[in-house]
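As numbered in my numbering, residues 32 to 263 make up the sequence shown, in order.
One structure below.
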Amino acid sequence: MKAVILAGGLGKRVRPYTLFLPKPMLPLGNEPILGHLINWVKKQGINEIIICTSYMSDIIENHFENGEKYGIDIKYVKANKPLGTAGQLKSAQKYLKDDFLCIYSDSLFNFKINDVIKFHKKNKPLVTMTLCNYETRIKYGMIGLNDDKSVSEWKEKPLIKGMINTGCFIMNCELLKYIPKNRKFEMDQVFKKIQKDNHKIFGFPVKGDILDLGDKTEYEKNFKEYNTSGKK
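Set out below in structure tokens:
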């Protein structure tokens with residue numbers, strides 16, 4: 032199985048850091064974020080990665096080259112403009128002939144993917160999403176209304192719980208036909224097209240920490256933690 036890492040975003044939520052580096056190359060301990068992801072992919076027994084790039088792509092390619100120093104084979108596909116998550120994936124189509132792992136480049140994982148792959152192969156969907164539990168406390172009081180606009184309930188700063196997308200998927204290459212070429216297209220748009228065509232999308236809950244690095248606050252928090260804890 033091959034892995035595709037989507038690393039072509041502009042990183043607007045992490046500015047000003049991404050004015051100088053693409054987000055996947057921001058440092059975290061002794062490695063850039065993308066280096067941690069590559070090491071995780073290798074630990075899953077996958078030895079071939081396609082990295083989809085666009086913004087400051089040369090920095091990524093010059094650092095990782097062909098993957099030899101990481102003990103893994105790396106190929107690159109470069110888009111001349113930002114294409115969104117699904118649009119980036121479409122650019123890697125020529126390398127994908129079967130099931131593959133697809134991951135975003137703004138989260139780190141510590142779960143094992145093997146059980147997800149087994150589940151996917153057994154059920155044979157176009158895509159299996161990995162999911163994790165998440166909870167957050169709303170900072171406002173939530174008010175419910177009756178039909179006549181009288182207040183039915185008041186929940187002060189309620190705790191909301193649910194399952195969220197981790198940004199890690201097992202996909203079948205047939206999914207790629209739902210993505211237009213050379214056009215900005217997001218992953219949720221693809222999933223809606225798939226479901227409209229009566230295909231099921233499966234979700235697989237995983238156990239383990241998901242390190243979110245998608246915005247400036249989360250990146251700075253985890254950057255400090257890596258530096259103070261001695262993590263590599």
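Beta carbons are placed, not taken as given, at the ideal position from N, Cα and C, and that holds for glycine.
Since we're looking at a predicted model, the values are computed, not measured.
Where the alpha helix (DSSP H) through residue i begins and ends
i	result
THR116	115-121
ILE64	64-74
ASP104	Here ASP104 belongs to no alpha helix (DSSP H); instead the beta strand (DSSP E) covers 104-109.
PHE95	88-95
Nearest-angstrom Cβ-Cβ length linking residue i and residue j, presumed shorter than 8 Å
i	j	result
GLY198	ARG44	Not really, about 14 Å apart at Cβ, beyond 8 Å.
THR167	ILE191	6 Å
TYR171	LYS33	Actually they do not touch by this definition, with Cβ atoms about 45 Å apart.
THR161	PHE200	7 Å
CYS163	GLN119	With 8 Å as the limit, CYS163 and GLN119 do not qualify as a contact, their Cβ atoms being about 23 Å apart.
MET218	ALA117	5 Å
ILE169	PRO189	6 Å
Sub-8 Å separation of residue i and residue j beta-carbons
i	j	result
VAL35	PHE142	no
LEU157	ASN203	yes
GLU249	ASP243	yes
PRO63	SER85	no
PRO55	ILE81	no
GLN124	LEU207	yes
SER136	LEU57	no
TYR101	LYS73	yes
Endpoints, beta strand (DSSP E) assigned at residue i
i	result
PHE222	Run containing PHE222: none in the beta strand (DSSP E); it sits in the alpha helix (DSSP H), 218-227.
ASN145	That residue, ASN145, is in no beta strand (DSSP E); its alpha helix (DSSP H) goes 145-154.
ILE81	79-84
GLU184	182-187
GLY42	Premise fails: GLY42 is in no beta strand (DSSP E) and is neither H nor E.
VAL237	Run containing VAL237: none; DSSP gives neither H nor E here.
PHE200	190-202
GLU99	Counting along the chain, GLU99 falls outside any beta strand (DSSP E), and DSSP gives it neither H nor E.
THR159	158-168
TYR135	131-135
LEU176	172-176
Straight-line gap, residue i to residue j (C-alpha atoms, nearest Å)
i	j	result
LYS149	LYS224	25 Å
GLU96	VAL221	31 Å
LYS186	ILE103	51 Å
PRO47	LEU41	11 Å
HIS230	VAL182	41 Å
ILE232	GLU99	35 Å
ASN213	ASN111	9 Å
LYS247	GLN226	33 Å
ASP179	VAL108	57 Å
GLY234	LYS128	22 Å
VAL147	TYR165	19 Å
GLY39	LEU176	44 Å
HIS67	LYS153	29 Å
ASP228	TYR209	10 Å
Nearest residue (CA-CA) to residue i, options the options
i	options	result
ASN145	TYR48, ASP228, TRP71	TRP71
ASN78	LYS109, THR84, PHE254, ILE69	ILE69
THR259	ALA110, LEU59, PRO55	LEU59
HIS94	PHE254, LEU52, SER181	LEU52
LEU37	ILE134, GLY76, ALA110	ILE134
LYS121	LYS155, GLN226, PRO211, LYS227	PRO211
GLU256	LEU50, ASN61, ILE105	ASN61
ASN196	VAL237, ILE105, THR49	VAL237
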